[in-house]
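Peer 1: Numbering (the numbering used here), first residue to last: 120 to 293. Here a beta-carbon is modelled for each residue, glycine too, at the ideal position from N, C-alpha and C. None of the values given here were measured: they were computed from a predicted structure.
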C-alpha cells in the first residue's frame, strides 16, 4: 500500500477500505458469539487493530480476508481469556408443545454454540454468510478442498447434535 502522508488521509483511506466491510464483520461476530454486545466489543477491538495496522496491508483487494482474520483472532482471544462462555444449556420441547420456527432458530443457535469454534466458524461462513469455498479458503489460509472436508465434518457433527436430542425420534424426524 502506498505511504499515507497524514492523519486525514489515513482516516479517509480507512473509511474507504473498511467502511463497506463493517456490517458483514458484525453479522459474522454476532453469529459467532450469539451475543450482540460482545460482538460489538469484539468488532470495536478489531477495527482499532485494523486502523493501527492499516499500513501493513499489502494488497487492498484482500481487505475482506485481512479484516476477517483480525476479527477471528479478536474473537478467539475473547474465548481464550474466558471473557465469554458459550451458552450450552439446551431446553427441549415436550411432545405436547408445538415446536415453532422461532424455537427452532433458537435451538439451532444453541447447537452452533456447542460446536468447537473452528467448526462453528466454517458453518457460519458458508451456510449463514454464504461465502464461496475460495473466499473461505483465503480467510482461513487453507485449500478449497480442505474447506470442503472441514465443512463436511462440521455439518456432520452439527447433525449428530440435533439427532441426539429428546424431541427428535430415532429416525431423526420431527
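Check for me: the alpha helix (DSSP H) holding residue 163 runs from which residue to which?
Peer 2: What you label residue 163 is simply residue 44 of the chain shown in a count that begins at 1. 155-171 is the span of the alpha helix (DSSP H), which, as asked, contains residue 163.
Peer 1: Can you have a look at residue 224 and say buried or exposed, based on whether 16 or more other CB atoms are within 10 angstroms of its CB?
Peer 2: Within the chain shown, residue 224 is the residue found at index 105, counting from 1. The residue in question, residue 224, is exposed, as its Cβ has fewer than 16 Cβ neighbours within 10 Å.
Peer 1: From 188, 183 and 134, pick the residue whose C-alpha is nearest to that of residue 170; which is it?
Peer 2: Counting from 1 along the chain shown, the entry for residue 170 is found at position 51. Closest option to residue 170, Cα to Cα, is 134.
Peer 1: Tell me whether the segment 157-165 and the segment 237-248 touch, counting them as touching only if at least three CB pairs, one residue from each stretch, are closer than 8 Å.
Peer 2: The segment 157-165 vs the segment 237-248: no contact.
Peer 1: How is residue 283 classed by DSSP in three states: helix, strand or coil?
Peer 2: The residue you call residue 283 lines up with position 164 of the chain shown. Coil.
Peer 1: Is residue 304 helix, strand or coil by DSSP?
Peer 2: Because the chain here runs from 120 to 293, residue 304 falls outside it and cannot be looked at.
Peer 1: For residue 177, which three-state DSSP category applies?
Peer 2: For this step, residue 177 is matched to residue 58 along the chain shown. It is coil, neither helix nor strand.
Peer 1: With 16 other CB atoms within 10 Å as the buried threshold, where does residue 272 fall?
Peer 2: Here residue 272 corresponds to residue number 153 of the chain shown, with the count starting at 1. Exposed, because fewer than 16 other Cβ atoms sit within 10 Å of the Cβ of residue 272.
Peer 1: At which residues does the alpha helix (DSSP H) containing residue 199 begin and terminate?
Peer 2: Taking the chain shown and counting its residues from 1, the one referred to as residue 199 is at position 80. First-last of the alpha helix (DSSP H) with residue 199: 182-199.
Peer 1: Indicate the three-state DSSP secondary structure (helix, strand or coil) for residue 264 in the structure shown.
Peer 2: Residue 264 sits at position 145 when you count from the first residue of the chain shown. Residue 264: helix per DSSP, three-state reduction.
Peer 1: Considering only their Cβ atoms, is the gap separating residue 144 from residue 194 smaller than 8 Å?
Peer 2: Translated into positions along the chain shown, residue 194 becomes position 75. Translated into positions along the chain shown, residue 144 becomes position 25. Taking 8 Å as the Cβ cut-off, residue 194 and residue 144 do not qualify as a contacting pair.
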